[in-house]
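Each step along the sequence shown adds one to the number in my numbering, with nothing skipped, and position 160 is 174. Have a look at the structure below before the remarks.
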Amino acid sequence: MTDQSDTAHSPTLDDKPPVGEADVAAGLAEVRAQIRRAAEDNERDPGGVHLVAVSKTVPAEGILPALAAGQRLFGENYVQESKAKWPALKTRFPDVELHLVGPLQSNKAREAVELFDVIHSLDRLSLAAALAKEIERIGRAPKLLIQVNTGDEAQKAGVAPGQVDVLLSECRETHGLAIHGLMCIPPAEDPPSPHFALLARIAERHGLSMLSMGMSADFPAAIQMGATHVRVGTAIFGRRAKRG
Ligand SMILES: *Cc1c(COP(=O)(O)O)cnc(C)c1O
Numbered sequence: 015m016t017d018q019s020d021t022a023h024s025p026t027l028d029d030k031p032p033v034g035e036a037d038v039a040a041g042l043a044e045v046r047a048q049i050r051r052a053a054e055d056n057e058r059d060p061g062g063v064h065l066v067a068v069s070k071t072v073p074a075e076g077i078l079p080a081l082a083a084g085q086r087l088f089g090e091n092y093v094q095e096s097k098a099k100w101p102a103l104k105t106r107f108p109d110v111e112l113h114l115v116g117p118l119q120s121n122k123a124r125e126a127v128e129l130f131d132v133i134h135s136l137d138r139l140s141l142a143a144a145l146a147k148e149i150e151r152i153g154r155a156p157k158l159l160i161q162v163n164t165g166d167e168a169q170k171a172g173v174a175p176g177q178v179d180v181l182l183s184e185c186r187e188t189h190g191l192a193i194h195g196l197m198c199i200p201p202a203e204d205p206p207s208p209h210f211a212l213l214a215r216i217a218e219r220h221g222l223s224m225l226s227m228g229m230s231a232d233f234p235a236a237i238q239m240g241a242t243h244v245r246v247g248t249a250i251f252g253r254r255a256k257r258g
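This is how it looks when you write it as structure tokens:
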């Protein structure tokens, strides 16, 4: 039995070299091994846990070693950055699956629907309306996940846990959108497992199969709670420069 405190905050993350200097192939191999171990420890099929390699701020040449090592699911936070990096990479690696994990402004809905295969950050009705319109217009439907603000944090994106039911039924009934799963980012200061457990309960109640939870510091705990998609950046690509 793994002690939760072992997995909640990996002490090695702060020691990671910065983006550009990290050994991407080694980081990826290590993360894959940890995913396999966490799945097996919890009697889950490792094939049921998908690694989304979060490559925000990483230039194309820094992503190539991950592609060479067979990684095909990638996560990005910013639509403009993704548009600059990915179309060229996708011509070389057409089976790449791109995930938008960062917040999405409604006025970027068109570009997001054109570029991404999965959008993890649907959290309000106005965005659902914008996405529905573009999906209809473009004839391309990314999978959609509702982001849940499990910690009810004032500044954080995501719908409050008590509002998921309403948003879900409005997405489905008002806009005819298929919703595939849920995503959360636990508050930095909390132990993450109760947040992952809450997200898993809400998903189960609604029969949603995709559970996007767990980042570099806590993905083994998320796998224990049923994550189907873990979003890992730093442990693969190195430390990002702080923004702003
Ligand atoms: C940046 C980011 C990640 C990856 O975080 P790491 O701690 O670098 O693994 C995952 N999910 C979201 C939503 C992010 O913004």
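In this text, a Cβ means the ideal position worked out from N, Cα and C, and glycines have one as well. No experiment lies behind these values; they were computed from the predicted model shown.
Heavy atom of ligand 1 within 8 Å of residue i beta-carbon
{"i": "THR248", "result": "yes"}
{"i": "ALA231", "result": "yes"}
{"i": "GLY165", "result": "no"}
{"i": "ILE199", "result": "yes"}
{"i": "ARG254", "result": "yes"}
{"i": "LYS70", "result": "yes"}
{"i": "ASN91", "result": "yes"}
{"i": "LEU196", "result": "no"}
{"i": "HIS134", "result": "yes"}
Residue i - containing alpha helix (DSSP H), residue span
{"i": "ALA67", "result": "Not the alpha helix (DSSP H): ALA67 falls in the beta strand (DSSP E), residues 64-68."}
{"i": "ASN161", "result": "Contrary to the premise, residue 161 reads as Gln rather than Asn in this sequence. Taken as a continuous stretch (DSSP letters only), GLN161 belongs to no alpha helix (DSSP H), being part of the beta strand (DSSP E) at 157-162."}
{"i": "LEU181", "result": "178-187"}
{"i": "VAL93", "result": "93-106"}
{"i": "LEU139", "result": "139-152"}
{"i": "GLU128", "result": "123-129"}
{"i": "THR248", "result": "248-251"}
Assigned exposure category for residue i - 16 Cβ within 10 Å defines buried
{"i": "ILE160", "result": "buried"}
{"i": "GLN48", "result": "buried"}
{"i": "LYS99", "result": "buried"}
{"i": "ALA202", "result": "exposed"}
{"i": "ILE152", "result": "exposed"}
{"i": "HIS113", "result": "buried"}
{"i": "SER19", "result": "Any reading at SER19 needs caution, since the residue's pLDDT is 48, under 50, leaving its predicted position unreliable; the model's value is listed next. That one is exposed."}
{"i": "LYS30", "result": "buried"}
{"i": "THR16", "result": "Confidence is the limiting factor: at THR16 the pLDDT is only 47, short of 50, which leaves the residue's position unreliable, though a coordinate-based value still follows. It is exposed - the Cβ of THR16 has fewer than 16 other Cβ atoms within 10 Å."}
{"i": "PRO60", "result": "exposed"}
{"i": "PRO208", "result": "exposed"}
{"i": "LYS70", "result": "buried"}
{"i": "THR26", "result": "exposed"}
Limits of the unbroken beta strand (DSSP E) element including residue i
{"i": "LEU136", "result": "132-136"}
{"i": "SER207", "result": "First-last for SER207: 207-219, but that is the alpha helix (DSSP H), not the beta strand (DSSP E)."}
{"i": "VAL173", "result": "VAL173 -> no beta strand (DSSP E), and no H or E assigned at all."}
{"i": "GLY116", "result": "Counting along the chain, GLY116 falls outside any beta strand (DSSP E), and DSSP gives it neither H nor E."}
Among the options, nearest to residue i - alpha-carbon criterion
{"i": "MET224", "options": "ALA249, ALA211, LEU196 and SER230", "result": "LEU196"}
{"i": "ARG46", "options": "GLN94, PRO101, ALA67 and MET239", "result": "ALA67"}
{"i": "ALA40", "options": "LEU222, ALA83 and GLU54", "result": "ALA83"}
{"i": "ILE193", "options": "VAL63, ALA74, LEU136 and SER69", "result": "LEU136"}
{"i": "THR164", "options": "GLY76, GLU54 and MET227", "result": "MET227"}
{"i": "ARG138", "options": "ARG106, GLU44, LEU181 and GLU75", "result": "LEU181"}
{"i": "LEU141", "options": "GLU150, PRO156, LYS122 and VAL132", "result": "LYS122"}
{"i": "ASP166", "options": "LEU158, VAL178 and ILE237", "result": "VAL178"}
{"i": "VAL38", "options": "PRO108, VAL72 and ASP109", "result": "VAL72"}
Which of helix, strand or coil DSSP assigns to residue i
{"i": "ARG86", "result": "coil"}
{"i": "PRO234", "result": "helix"}
{"i": "ASP37", "result": "coil"}
{"i": "ARG245", "result": "strand"}
{"i": "LEU225", "result": "strand"}
{"i": "LEU191", "result": "coil"}
{"i": "PRO73", "result": "coil"}
{"i": "PRO60", "result": "helix"}
Beta carbon proximity, residue i to chain D, threshold 9 Å
{"i": "ALA142", "result": "Here there is only one protein chain, and chain D is not present."}
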